[in-house]
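Here the protein sequences come in this chain order: E and B.
In case it helps, our numbering puts the first sequence at residues 33 to 270.
In case it helps, our numbering puts the second sequence at residues 698 to 1037.
Where is the CB? At the ideal position from N, CA and C, for every residue including glycine.
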Amino acid sequence: MVFAAVFAGGVGSRMGNSDTPKQYLELGSRPIIIHTIEKFFINEKIDEIIVLCPKPWVAHTRSLIAKFIPEGKKISVVQGGDSRNGTLENAIKFIEENYETDENTVIVTHDAVRPFLTHRMIEENVEAALEYGACDTVVPATDTIVESENGSIISCIPDRSKMYQGQTPQSFRLKELERVLASLTEEEKAILTDACKIFSIKNKDVFLVKGEVFNIKITYPYDLKVAQTLLKGKDDND
Amino acid sequence: MINAVYRLVAPGMIDVACTEPNLKTSVILRPEYLSICKADQRYYLGNRSREALKEKLPMALIHECVARVVFDPTGHFKKGELVVPVPNTPTEDDDIIAENYRRSSHFCSSGYDGFLRDYIDISYDRLVRVPEGLDLRIASFTELISVAVHAVSRFEKFSHGRKNSIGVWGDGNVGFITALILRALYPDSKLYIFGTVYEKLGYFSFADGTFHVDHIPENLTIDHGFECVGGEASRFAIAQIIDIINPEGSIGLMGVSESFIGVNTRMVLEKGLRLFGSSRSGVADFERTMQILEDNPQIAEYLENLIGNVVEIHSIPDIHSAFSQDISRNFGKTVLKWMK
């Protein structure tokens, strides 16, 4: 089975003065999170969808799904964790408690605030996870990446041609992911917030899936403006 | 849901835009194969008037496509079914005027987004099922075949009953397909092809005769004719048809031209000819096309010769590559395998 785990754990602290977590803000005719879920809903490779959100937003998320998304695929809304790793662990726990899993079970994890993901990205994530065990969606870095150890002086400037910007989805064979997570110490868990990084540190290959520049993460008010602009076409065109 | 649409924003420039298909009303399709039409190429190259470009761009190109049903909230189609979307969308009913001639109808890739999109959202009544076993690369240009079928359907309506000989002017794709349809529907008629390139005329092996337009036998006549030339050259083709055609014959005009084309009206009057225009097609033509292809499997065998380059599309540069490969084709279709 292939599960999509939509991470909607953000509480909106970075989104201007709005108290609403950014994934619930409207983009076009519906909340951002709904756009994201819909992409997994219509993709044939995805069997079931799990949405992980803060506890106070679980009921609201269920209502939104019932309002906007037609019948046809099971969508479960589950409480997320305190951290990204915690949310990932909750997703795994939910799957293990409710489904039969095996070495071919795949989990496609995705940020709720990246509604612009495409059909191809989902397809290639599932294929890459099955073939390589883990994959990350990336685009080549366009800006030069500068590293600084102390925040004031450059310690190194890596070769840009080898640099990529990480997006989501990130996808894994579930059993492999569980084994890697189980091998972490509590200290490692606290600092390793990215599942692909965990794989990489544990010397596991993570395949690169080509992302899209427009697969933006809606984090700041500026991002929402960009997203709204992307949605504006010719007025009479759609 | 947010859908990525790949729009031509200026000649030679394609950019992504996003739209919001409605999952509760529209059938959602995933393109499998698409095919480039001459009209797309004219937009891509900027070979349209400045006014037309200003009015119609930005828009996604391509109106020839075969796609797979991803989701149908209306319950008419099963997930995974192969269908051809009809690019013409009528906005009003009319008992007399066909949907493709109503001025109010919308047409994909002519002022409205074509099928270069991650998903196509479309009404269920604009979809036609693909017969089992039909090569999807051929199915990708069903729309072009339906245009020929539409023209022949009009010919059936307008022409008199004597159809001993039919001439087709034009040795390109439209001429080839129109001739194939005529061959299937009028097996007892003599079918003659008139063109300018011997190599291309050689492809019409199913016809009873092929002639270079400069070397037509003096005693050759036809009962009816089709002009599938287009552009400036359609002037000469129409003149030649009028010269050769027998009185009271019908002439189907199918070639698009950007300029005004003069017609020898004196001979049209003297011979009592009927000239009829034919453009685009509607759902009924698509359905008839599928039936003709099913009843006449030899047509698909000939149509295989039209499949030119098949270009895999993973990115916008791949789309540019497909259009640039298409420019250099003088016969056949450029087919896009959609993997974006």
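Would you please verify whether the beta carbon of residue i is less than 8 angstroms from any beta carbon of chain E?
i	result
proline 782 (chain B)	no
cysteine 805 (chain B)	no
phenylalanine 768 (chain B)	yes
glutamate 717 (chain B)	yes
valine 713 (chain B)	yes
isoleucine 725 (chain B)	yes
aspartate 737 (chain B)	no
lysine 721 (chain B)	yes
tyrosine 703 (chain B)	no
tyrosine 895 (chain B)	no
tyrosine 816 (chain B)	yes
methionine 698 (chain B)	yes
methionine 1036 (chain B)	yes
aspartate 1023 (chain B)	no
lysine 775 (chain B)	no
alanine 707 (chain B)	no
Could you tell me how far apart the beta carbons of residue i and residue j are, in whole angstroms, since I believe they sit closer than 8 angstroms?
i	j	result
isoleucine 7 (chain E)	isoleucine 248 (chain E)	Since the first and last residues shown for chain E are 33 and 270, residue 7 (chain E) lies out of range.
glutamate 159 (chain E)	arginine 205 (chain E)	That pair is no contact at about 12 angstroms.
proline 755 (chain B)	arginine 704 (chain B)	4 angstroms
lysine 860 (chain B)	histidine 921 (chain B)	6 angstroms
isoleucine 66 (chain E)	valine 83 (chain E)	Not really, about 10 angstroms apart at Cβ, beyond 8 angstroms.
proline 782 (chain B)	phenylalanine 812 (chain B)	7 angstroms
threonine 878 (chain B)	valine 849 (chain B)	Reading the sequence as shown, one finds isoleucine at residue 878 (chain B) and not threonine. Contact holds; Cβ gap of about 5 angstroms.
serine 203 (chain E)	cysteine 167 (chain E)	5 angstroms
isoleucine 699 (chain B)	leucine 256 (chain E)	Contact doesn't hold; Cβ gap of about 13 angstroms is too wide.
serine 947 (chain B)	serine 820 (chain B)	Going by Cβ atoms, the distance from serine 947 (chain B) to serine 820 (chain B) rounds to 34 angstroms, so no, they are not a contact pair.
If you reduce the DSSP assignment to three classes, tell me which class residue i lands in.
i	result
phenylalanine 933 (chain B)	helix
alanine 40 (chain E)	coil
histidine 970 (chain B)	This sequence places leucine at residue 970 (chain B); histidine is not what is there. Correct three-state label for leucine 970 (chain B): coil.
arginine 799 (chain B)	coil
glutamate 1017 (chain B)	The amino acid occupying residue 1017 (chain B) in the given sequence is histidine; glutamate does not appear at that position. Here histidine 1017 (chain B) sits in helix by DSSP.
glutamate 210 (chain E)	helix
leucine 726 (chain B)	strand
lysine 887 (chain B)	strand
asparagine 269 (chain E)	With a pLDDT of 42 at asparagine 269 (chain E), under the threshold of 50, the predicted position of this residue should be treated as unreliable, though the coordinate-derived value follows. The answer is coil: DSSP assigns asparagine 269 (chain E) none of H, G, I, E or B.
valine 998 (chain B)	It should be pointed out that residue 998 (chain B) corresponds to glutamate in this sequence rather than to valine. Looking at glutamate 998 (chain B) - three-state DSSP - the assignment turns out to be helix.
alanine 701 (chain B)	strand
threonine 1031 (chain B)	strand
isoleucine 248 (chain E)	coil
phenylalanine 35 (chain E)	strand
asparagine 117 (chain E)	helix
serine 850 (chain B)	helix
threonine 716 (chain B)	strand
threonine 261 (chain E)	helix
glycine 1005 (chain B)	strand
serine 976 (chain B)	coil
So, does the CB of residue i fall closer than 8 angstroms to a CB anywhere in chain B?
i	result
threonine 251 (chain E)	no
lysine 54 (chain E)	no
isoleucine 177 (chain E)	no
threonine 174 (chain E)	no
phenylalanine 148 (chain E)	yes
glutamate 58 (chain E)	no
glutamate 70 (chain E)	yes
phenylalanine 239 (chain E)	no
histidine 142 (chain E)	no
proline 102 (chain E)	yes
leucine 263 (chain E)	yes
phenylalanine 39 (chain E)	no
aspartate 267 (chain E)	Because the pLDDT at aspartate 267 (chain E) is just 45, under 50, the model does not fix this residue reliably, and the value given afterwards should be weighed accordingly. Chain B, which has no Cβ nearer than 8 angstroms to the Cβ of aspartate 267 (chain E), makes this no.
aspartate 270 (chain E)	Note that aspartate 270 (chain E) scores 41 on pLDDT, short of 50, meaning its location in the model is unreliable; the coordinates nonetheless yield the value given after this. Aspartate 270 (chain E) counts as touching chain B.
arginine 46 (chain E)	At arginine 46 (chain E), the pLDDT of 48 sits below 50, so the modelled position is not reliable; the number obtained from the coordinates is stated separately. No, arginine 46 (chain E) lies away from the interface with chain B (no Cβ there is under 8 angstroms from its Cβ).
phenylalanine 246 (chain E)	yes
arginine 205 (chain E)	no
serine 215 (chain E)	no
serine 193 (chain E)	no
serine 184 (chain E)	no
serine 61 (chain E)	yes
For the ligand ZN, is there a heavy atom less than 7 angstroms away from the beta-carbon of residue i?
i	result
serine 806 (chain B)	The ligand ZN is absent from the structure shown, which contains no ligands of any kind.
For residue i, return the contacting residues in chain A, with the cut-off set at a CB-CB distance below 8 angstroms.
i	result
arginine 152 (chain E)	Considering every chain present, this structure includes no chain A. Its protein chains are E and B.
>> Going residue by residue through the segment 741-766 of chain B, where are the continuous alpha helix (DSSP H) segments of at least 4 residues, counting only ones entirely within it?
In response: Correct list: 747-753.
> What are the residues of the segment 72-100 of chain E that lie near chain B, defined by any Cβ-Cβ distance shorter than 9 angstroms?
Replying inline: Near chain B, meaning a CB-to-CB distance below 9 angstroms, the residues of the segment 72-100 of chain E are Phe73, Ile74, Asn75, Glu76 and Phe100.
> At what residue ranges does the segment 779-830 of chain B contain a whole run of the beta strand (DSSP E), taking only runs of 3 or more?
Replying inline: Here the runs fully enclosed are 779-782, 803-805, 817-819 and 824-826.
>> Going residue by residue through the segment 42-90 of chain E, where are the continuous beta strand (DSSP E) segments of at least 3 residues, counting only ones entirely within it?
In response: Runs of the beta strand (DSSP E) inside the segment 42-90 of chain E: 80-85.
> Which full runs of the beta strand (DSSP E) of 3+ residues lie inside the segment 154-225 of chain E, going along the chain?
Replying inline: Counting only runs of 3 or more, we get 166-172 and 196-205.
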